[in-house]
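Residue 36 in full-length UniProt numbering sits at position 36 of the sequence shown, with consecutive numbering throughout.
A quick write-up on the structure given underneath.
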Amino acid sequence: MNAESLFASAAINIGLAVFILSLFSILKKQPSNAGIYYARRLSLRQRVPLDHSSLHRFLPSVSWISRAIRVTEDEILETSGLDGLILIRLFKFGSVT
1 MNAESLFASA AINIGLAVFI LSLFSILKKQ PSNAGIYYAR RLSLRQRVPL
51 DHSSLHRFLP SVSWISRAIR VTEDEILETS GLDGLILIRL FKFGSVT
């Protein structure tokens, strides 16, 4: 593999990752998607942090990434339940055994 192909592959993958993370960030802020991203909060009748009138909801942000990295297993268990915790562990360690 030559360096040119490696650079092209890296550029495509990084570009796609940035695009997908931006799309996720924008879609999460839309009030019409609250049922998808905040289903548990809505079922427990908790407040959902959405701003209906601001243009800020159309700008991508990555502030959620630092919070996602620092979250503890107890917080995952409390907010997402045992199924969510097991899924995170599978992603983290690759397998159950």
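Using N, Cα and C, we set each Cβ at its ideal position, and we do this for glycine too.
For clarity, every value in this text was computed on a predicted model and none was experimentally measured.
Exposed unless 16 or more other CB atoms sit within 10 angstroms - verdict on residue i
| i | result |
| --- | --- |
| K92 | exposed |
Same chain only: Cβ atoms within 7 Å of residue i, ignoring 5 sequence neighbours per side
| i | result |
| --- | --- |
| S61 | S25 |
| R41 | V48 |
| L27 | N33 |
Coarse secondary structure for residue i, derived from DSSP in three states
| i | result |
| --- | --- |
| K29 | coil |
| V18 | helix |
| N2 | coil |
Pairwise C-alpha distance: residue j and residue i
| i | j | result |
| --- | --- | --- |
| R89 | L82 | 11 Å |
| R47 | G15 | 34 Å |
| L59 | A68 | 19 Å |
| Y37 | L6 | 36 Å |
| S54 | A39 | 22 Å |
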